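Here the sequence shown is numbered in the numbering used here, starting from 60 and rising by one per residue.
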Amino acid sequence: MNVLDNRLPEKQVILGAKVVFPDSVEEDVCVILEQGKISRIAKGNPPEDDSVGIAIEADGAYLAPGFIDLHIHGTGEYIVDDGPDALRSLAKLLPKYGVTGFLPTVCPAEKETHIALVAALSEVQSAGTGILGFFIEGPFLALPGSLSVDPDQQADIDWVSKLRQAASPYRAIFAVSPDFPNIDSLLPAMTSGGIPAFITHTRAGVADTFDAIEAGAVHATHFYDVFYVPDEKEPGVRPCGAVEAILSSPKTSVDFILDGEHVDPVAIKLALRCKGIEGVCLITDANRGAGSPPGKRYPFGDFEISFAYEGAPARLTESHPRSPGGLAGSGLTMDQAVRNAVKMLDLELPQAVAMASSSPAKVLGLEHRKGKIKTGYDADLVLLDATDLKPTRTWVGGFEVYRRDP
Numbered sequence: 060m061n062v063l064d065n066r067l068p069e070k071q072v073i074l075g076a077k078v079v080f081p082d083s084v085e086e087d088v089c090v091i092l093e094q095g096k097i098s099r100i101a102k103g104n105p106p107e108d109d110s111v112g113i114a115i116e117a118d119g120a121y122l123a124p125g126f127i128d129l130h131i132h133g134t135g136e137y138i139v140d141d142g143p144d145a146l147r148s149l150a151k152l153l154p155k156y157g158v159t160g161f162l163p164t165v166c167p168a169e170k171e172t173h174i175a176l177v178a179a180l181s182e183v184q185s186a187g188t189g190i191l192g193f194f195i196e197g198p199f200l201a202l203p204g205s206l207s208v209d210p211d212q213q214a215d216i217d218w219v220s221k222l223r224q225a226a227s228p229y230r231a232i233f234a235v236s237p238d239f240p241n242i243d244s245l246l247p248a249m250t251s252g253g254i255p256a257f258i259t260h261t262r263a264g265v266a267d268t269f270d271a272i273e274a275g276a277v278h279a280t281h282f283y284d285v286f287y288v289p290d291e292k293e294p295g296v297r298p299c300g301a302v303e304a305i306l307s308s309p310k311t312s313v314d315f316i317l318d319g320e321h322v323d324p325v326a327i328k329l330a331l332r333c334k335g336i337e338g339v340c341l342i343t344d345a346n347r348g349a350g351s352p353p354g355k356r357y358p359f360g361d362f363e364i365s366f367a368y369e370g371a372p373a374r375l376t377e378s379h380p381r382s383p384g385g386l387a388g389s390g391l392t393m394d395q396a397v398r399n400a401v402k403m404l405d406l407e408l409p410q411a412v413a414m415a416s417s418s419p420a421k422v423l424g425l426e427h428r429k430g431k432i433k434t435g436y437d438a439d440l441v442l443l444d445a446t447d448l449k450p451t452r453t454w455v456g457g458f459e460v461y462r463r464d465p
C-alpha cells in the first residue's frame, strides 16, 4: 500500500557509518540491506558472504532509523486537506527531512465531505515516505484551537464507522477530547483492534481524562498546546486536569512540537522524567509552508499564515479578525526537531533520535519492525551529516528515496 510496484530493492552495503543505536553511537559499522529489511550489522567491513551488493560509503556520517511523524498537516507547498495529489507530493518531499513514515493529518469538515476526502486519500500509494495511517484531528473536540470545529457537534458513531471504513486499508487514528460530550460512546469504536486515540484540545479534569485513557485514548498529541487548566475550585489551589492525569498514568505517551515557542522545553524535560524516552515523541504538526524560508504567506482555510523564520511556528496574519498572530501549527521539520532536542533538551543524539523514531513506532504498535537499526527491521533509514545533522540520504523499505545534491 506504500509502494508503486512490486519491485524489491537491490542489496546495499552501507560502509563506514556511525550507527545510532538506542543507547549509543558505534563507529565504523557496516549495515546490509536486503529485500527491504536490515539483514546484517557488522563492525568494519562486511563478512565475505555479504560483500556482493551496491556499496555505499557513509564516510563517517550518522546512520539513524528513519523518523516517524505522528502529526503533520503539510510541508512546503502542500497540505493534506487539498486531496490525493497534495498527499502524493507531500510523501515525495518528506524524505528530504529524514521522514520515513507519517500520519497525514486531516482537519475537520462537514460529515460527507470529510468521509469522501479520507476515502480519496486512502487510495494514494506513496512513492516516498510511508503512510502509516491517517490522523483524524476532529470533529470530536471540545476546544477548536486553530481548527474550524462546530461548537454544537454531537457524538456520531456513524461518522466514526464510516471514517474507519474510508481510511481502509490504512488505520484511522482519532483525536479526542475527554470532555467532549458523550465521548465515551465513541471511544470503543475508535480504538477497537488496539488502535490508540490521541487526546488533545481539552480542558478536561482528572476523572474524565482517566476514563478516556481506560477506553483507549493512550496518547496525547501536541501536549501542552490547547491543554487548558480546569477552572479553579479553591482560591489559590492550582487545579489538576488532563496534563497531570496523562503524566501520572503508566498507560500513556505524549508528543511535543519542539520549536522553542509552542512549549517551554522545561515541560518536555518534565515529561521525560515521568515517561522516559520511550514515552515521549517529537512531532511537527507542520502546516503548509513548513521548511520554507520566511517572507511568504500561505492559505489556511479562509485565512493566511506566515512564518517569522525558517522553522518558526505558523501564525495567523491580520487576515484573521479575532486572532492575528495566533498559532496555527508549525513550520518545523522532523530533522530540525531532532536537532532542537539535542540543543534545547541537552540530550545525546541517540535519545533525540529515539524520540523521532522508536518512540513514535511504539505509539503505533510498530516497535517490532520500525524505529531501530536492528537485524530484521524495515530498512527505513536516514544518513545524517556528521557536522550539521542534516539528512543526506533517506531509505524507505530499502529504496533510496532522497539524496542531497552535492
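Every residue, glycine too, gets a C-beta built ideally from N, C-alpha and C.
Just so you know, these numbers come straight off a predicted model, no measurement behind them.
message: Counting C-beta neighbours from all protein chains within 10 Å, is the total for residue 149 16 or more, i.e. buried, or is it exposed?
response: buried
- prompt: Which residues does DSSP pair with residue 299 in a beta bridge?
  reply: According to DSSP, residue 299 bridges with nothing at all.
task: Determine the direct distance from the alpha carbon of residue 338 to that of residue 271, and round the result to whole angstroms.
output: Approximately 18 Å, taken between the alpha carbons.
query: Can you list the alpha helix (DSSP H) stretches of 4 or more residues lying completely in the region 434-458, in chain order?
result: none
query: Rounded C-beta distance between residue 362 and residue 378? I'm assuming under 8 Å.
result: 5 Å
message: Are there any heavy atoms of the ligand GDP lying less than 7 Å away from the beta-carbon of residue 355, as far as the coordinates show?
response: Of the ligands one can find in the structure shown there are none, so the ligand GDP has no counterpart to examine.
message: Check whether the region 445-457 and the region 385-398 touch, using three or more Cβ-Cβ pairs below 8 Å as the test.
response: yes
Reduced DSSP secondary structure (H/G/I, E/B, other) of residue 67: Looking at residue 67 - three-state DSSP - the assignment turns out to be coil, as it is neither helix nor strand.
message: For residue 211, report the span of its alpha helix (DSSP H) as first-last.
response: For residue 211, no alpha helix (DSSP H) run applies, since DSSP gives it neither H nor E.
- request: Compute the beta-carbon to beta-carbon distance between residue 277 and residue 255, rounded to the nearest angstrom, for a pair I have assumed lies under 8 Å.
  value: 5 Å
message: Suppose the cutoff is 6 Å on Cβ atoms and the five residues either side in sequence are ignored; what does the same chain contact list for residue 428 look like?
response: 436, 437
task: If I'm right that residue 336 touches residue 418 with Cβ under 8 Å, what's the distance once you round it to whole angstroms?
output: 6 Å
query: For the putative contact between residue 245 and residue 231, defined by C-beta atoms under 8 Å, what is the C-beta separation to the nearest angstrom?
result: Between residue 231 and residue 245 the Cβ distance is about 12 Å, and since that is not below 8 Å, they are no contact.
field: For residue 433, the nearest candidate out of 68, 93, 266 (CA to CA)
entry: Comparing Cα positions, the closest option is 93.
- request: Express the C-alpha separation of residue 88 and residue 507 in angstroms, rounding to a whole number.
  value: What the structure shows of the chain is the stretch from 60 to 465, and residue 507 is not part of that stretch, so it cannot be assessed.
query: In its own chain, which residues sit with a C-beta less than 7 Å from the C-beta of residue 411, not counting the 5 before and 5 after it?
result: 397, 400, 401
- request: Tell me, to the nearest whole angstrom, how far the beta carbon of residue 416 is from that of residue 124; I am working on the premise that it is less than 8 Å.
  value: 4 Å
query: From 317, 325, 357, pick the residue whose C-alpha is nearest to that of residue 344; which is it?
result: 317
field: Pick from 98, 213, 426 that is closest to residue 239, judged by C-alpha positions
entry: 213
field: Residue from 187, 192, 197 with nearest C-alpha to residue 224
entry: 192
task: State buried or exposed for residue 275, treating a residue as buried only when at least 16 other CB atoms are found within 10 Å of its CB.
output: Residue 275 comes out buried.
- request: Along the beta strand (DSSP E) that carries residue 87, what are the first and last residues, could you check?
  value: According to the DSSP assignment, residue 87 belongs to the beta strand (DSSP E) that extends over 84-93.
message: What would DSSP say about residue 269, mapped onto helix, strand or coil?
response: helix
query: Straight-line CA distance for residue 74 to residue 321?
result: 39 Å
message: Suppose you measure from the CA of residue 249 to the CA of residue 195; what does that come to, to the nearest Å?
response: 11 Å
Alpha helix (DSSP H) runs wholly inside the region 306-352, at least 4 long, in chain order: 324-334
task: May I ask which residues mark the beginning and end of the beta strand (DSSP E) holding residue 114?
output: Unbroken beta strand (DSSP E) run through residue 114: 113-116.
- prompt: What whole-angstrom Cβ distance do residue 384 and residue 374 have, given they're in contact under 8 Å?
  reply: Right, their Cβ atoms sit about 5 Å apart.
- request: Could you please give the first and the last residue of the uninterrupted beta strand (DSSP E) stretch that includes residue 124?
  value: 121-124
- prompt: Thinking just about the alpha-carbon of each residue, which of 112, 220, 287, 349 is nearest to the one in residue 178?
  reply: 220
field: Per-residue burial, residue 172 [other beta carbons within 10 Å of its own, 16 or more giving buried]
entry: exposed
query: Taking C-beta to C-beta, are residue 340 and residue 314 nearer than 8 Å?
result: yes
field: DSSP-derived helix/strand/coil call for residue 156
entry: helix
- prompt: When you compare only the Cα positions, how much space is there between residue 286 and residue 349?
  reply: 23 Å
task: Look up residue 468 in the DSSP assignment and say whether it is helix, strand or coil.
output: Summary: the structure shown does not reach residue 468, with the chain confined to residues 60 through 465, and so no result is reported for it.
- prompt: How about residue 164 and residue 126: are their beta carbons less than 8 Å apart?
  reply: no
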